[in-house]
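Engineer: Residue numbers (this note's numbering): 57 to 535.
Beta carbons: idealized from backbone N, C-alpha and C, even for Gly.
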């Protein structure tokens, strides 16, 4: 059974909506505007957390609803309800019609053709593994971590999963659907030695079933990694401050690329001229060799979507190629206003939110340098393997990122781990200072969540090992 028929059963056979009448209501409501859609959603979600040797949190939620959007020029009207009924839909029509009253627009072109072939399983991961099996897994994680090292004082392990079914109905009659599983495992460990306490964490996830982490080899890797980082931090030394060479590791450090560059390449910021990248298509915005891609078509990845939340087929978008800005990530509204194609990046957190341009899986492509040679080329600097949180100003491109795992490097030799390292700079400036690009591109392990304008969506990040010259490192000691 294809995705449309599956979601028809969910939204029209067991609710107060009739497909034919719903299509007529949507068509009439959007006729006077430029664009818009009805977004139908059903979501199941579960969260289990094991802490201090016991199950501390167990939650399950089921929600359903719709969001109706009418677009007129650069304005839109949006109404939503947690009720799948014709009466609620008609009330929403009354609300959104205010933006198109007296407006005579030209309907946007239909969604680009696509087979709507799913990139991931449509099974419900919440039902695929029993509740008892999940609890037993969390208990085993806790016991394994505590037995692995006598210095372990606290263990926190969690499992989160969701299953989301969506259907998009446009005013021109086009319908698209998707069914999206999502799971995530996290392990956090605290260790203590000689009165000093440090912690480490590790996680993994994706649009897959939970059963791939049920084998000891799979979940023990997450525990071992969290414990490795925690123990490593026991030996960390203060970070020297100053301007120095920095090497970023492959994978999760791509979160800096996501924040410092990715958000600045979203269409709404560039249409409004508020991004540091506005009006620079065709210009050199990064060092030669730097290629940045946003790809929502990667099978099973956390940021992947068969279609976006406006019904546009997901695709692979080259944003920067060999340092040259090629284009922006677009939803339908901003693409139409900028005279370009939608790129499959119209995303929303839920039916209660209007779509906007958002990233999917954003990463830097491979270079030609050997990662070991990149690290060995550092005369004096920092090798940042993992990152924590960060902040970015889209308008100026300025960023501050905290390194969760980093090392001193002198004369090509990796030295002591450092604590409290922060990287401070400007996105385009940092991209121009890249001097070596590794051949080891990888994506993160499936843990990314991106926030924008109060909405959170799952994303992927990634990059190869990268060397950057002249980056300001914030620390507690002068370099």
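#1: Tell me whether residue 78 is buried or exposed, calling it buried when 16 or more other Cβ atoms sit within 10 Å of its Cβ.
#2: In three-state terms, what does DSSP make of residue 269?
#3: Quick check: what's the CA-CA separation for residue 414 versus residue 402?
#4: State the start and end residues of the unbroken alpha helix (DSSP H) segment that holds residue 488.
#5: Quick check: the Cα distance between residue 293 and residue 463, rounded to an integer number of angstroms?
#6: May I have the straight-line CA-CA distance separating residue 68 from residue 142, to the nearest angstrom?
#7: Mind listing, in chain order, the continuous alpha helix (DSSP H) runs of no fewer than 4 residues lying wholly within the region 363 to 429?
#8: When the Cα of residue 229 is compared with those of 468, 424, 519 and 80, which residue comes out closest?
#9: In whole angstroms, what separates the C-alpha of residue 60 from that of residue 512?
#10: Flag this pair as yes or no: are the beta carbons of residue 124 and residue 131 separated by less than 8 Å?
#11: How is residue 181 classed by DSSP in three states: helix, strand or coil?
#12: Does residue 539 come out as helix, strand or coil in the three-state DSSP assignment?
#13: Starting from residue 310 and walking both ways along the beta strand (DSSP E), at which residues does that stretch end?
#14: Check each candidate in 265, 246, 107 and 194 and name the one with the smallest Cα separation from residue 185.
#15: Could you tell me which residues DSSP puts in a beta bridge with residue 237?
#16: CA-CA distance, residue 193 and residue 239?
#17: For residue 530, I'd like the list of residues in its chain whose CB is within less than 7 Å of its CB, leaving aside the five on either flank, ordered along the chain.
#18: Do residue 121 and residue 509 come within 8 Å of each other at the CB atom, strictly closer than that value?
#19: Mark residue 466 as exposed unless 16 or more other C-beta atoms lie within 10 angstroms of its C-beta, in which case mark it buried.
#20: Check this for me: beta carbons of residue 421 and residue 497, under 8 Å apart or not?
#21: Using a Cβ-Cβ cutoff of less than 7 Å, which residues in the same chain neighbour residue 169 once the five nearest sequence positions on both sides are dropped?
#22: Decide if residue 523 is buried, meaning its Cβ has at least 16 other Cβ atoms within 10 Å, or exposed.
#23: With a threshold of 8 Å, are at least 3 pairs of Cβ atoms found where one atom belongs to the region 385 to 402 and the other to the region 323 to 332?
#24: From which residue to which residue does the beta strand (DSSP E) around residue 323 run?
#25: With a CB to CB cut of under 6 Å and the five nearest residues on each side skipped, what residues in its chain are close to residue 152?
#26: Do you know offhand how far residue 287's Cα is from residue 202's?
#27: Considering only the beta carbon of each residue, do residue 425 and residue 495 sit closer than 8 Å?
#28: Terminal residues of the continuous alpha helix (DSSP H) containing residue 7?
#29: Which of the three DSSP states is assigned to residue 331 in this structure?
#30: Is the distance from the Cβ of residue 313 to the Cβ of residue 519 below 8 Å?
#31: Quick one, which of 258, 299, 446 and 507 has its alpha-carbon nearest residue 215's?
#32: Give the straight-line distance between the Cα atoms of residue 174 and residue 235, rounded to the nearest whole angstrom.
#33: Less than 8 Å between the CB atoms is what I'm expecting for residue 88 and residue 104, so what's the real figure, rounded?
#34: Taking only three categories from DSSP, how would you classify residue 224?
#35: If you count every other CB in all the chains shown that lies within 10 Å of the CB of residue 154, and 16 or more means buried, which is it?
#36: So, with DSSP's three-state summary, where would you put residue 169?
Structural biologist: Looking at the atomic coordinates:
#1: buried
#2: helix
#3: 6 Å
#4: 483 to 488 is the span of the alpha helix (DSSP H), which, as asked, contains residue 488.
#5: Straight-line Cα distance between these residues: approximately 9 Å.
#6: Approximately 11 Å, taken between the alpha carbons.
#7: If only complete runs of 4 or more residues are kept, the region 363 to 429 shows the alpha helix (DSSP H) at 388 to 394, in order along the chain.
#8: Closest by alpha carbon: 80.
#9: 26 Å
#10: no
#11: helix
#12: Here the chain has residues from 57 to 535 only, and residue 539 is not among them.
#13: In this chain, residue 310 is not harboured by any beta strand (DSSP E); it is covered by the alpha helix (DSSP H) spanning 310 to 313.
#14: 265
#15: 219
#16: Rounded to whole angstroms, residue 193 and residue 239 show a C-alpha spacing of 14 Å.
#17: 297, 478 and 480
#18: no
#19: exposed
#20: yes
#21: Its pLDDT being 44, under 50, residue 169 is placed unreliably by the model, and nothing is read from it.
#22: buried
#23: yes
#24: Residue 323 -> not in any beta strand (DSSP E); alpha helix (DSSP H) instead, spanning 323 to 327.
#25: 124, 126, 133 and 135
#26: 13 Å
#27: yes
#28: Residue 7 is absent from the structure shown; the chain starts at 57 and stops at 535.
#29: coil
#30: yes
#31: 258
#32: 8 Å
#33: Incorrect: roughly 48 Å between the Cβ atoms, too far for contact.
#34: strand
#35: The residue in question, residue 154, is exposed, as its Cβ has fewer than 16 Cβ neighbours within 10 Å.
#36: Residue confidence for residue 169 is low, a pLDDT of 44 falling below 50, so the modelled location carries little weight and cannot support an answer.
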